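Trainee:
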Amino acid sequence: MENKYIRRSRITEAKFRQIVKCFALDLATAQTAEMTLLSRKTVDAH
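Take the sequence shown: its position 33, counting from 1, is numbered 110 in this note's numbering, and each next residue is one higher.
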């Protein structure tokens with residue numbers, strides 16, 4: 078499935094939505110990375 082929010086993204090749209098939801102809940106980057114099973118660096122970049 079192509080990510081319609083970010084062009085040439087290497088993460089899925091579902092993971093991107095998870096990241097957005099976590100930031101909407103005002104979670105820290107480290108907590109978001111743990112919950113989405115992505116690296117902190119990846120979460121910071123998106």
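Where a beta carbon is used, it is the ideal one built from N, C-alpha and C, also for glycine. Note that the structure is a prediction, hence the values are computed from the model and not measured.
Can you tell me whether DSSP reads Glu79 as helix, strand or coil?
Mentor: Three-state DSSP puts Glu79 in coil, outside helix and strand.
Trainee: Would you say Phe100 and Asn80 are within 8 Å of each other, going by their C-beta atoms?
Mentor: Not in contact: Phe100 and Asn80 (Cβ atoms no closer than 8 Å).
Trainee: Excluding five sequence neighbours on each side, which residues of the same chain lie with their C-beta closer than 8 Å to the C-beta of Ile83?
Mentor: For Ile83, where only same-chain residues beyond five positions count, the Cβ hits under 8 Å are Phe93 and His123.
Trainee: Using the Cα positions of Asp22 and Ile96, report the straight-line distance between them to the nearest angstrom.
Mentor: This structure cannot settle anything about residue 22, because the visible part of the chain is limited to 78 through 123.
Trainee: I need the DSSP call for Ile88, collapsed to helix, strand or coil.
Mentor: Of the three classes helix, strand and coil, the one that applies to Ile88 here is coil, per DSSP.
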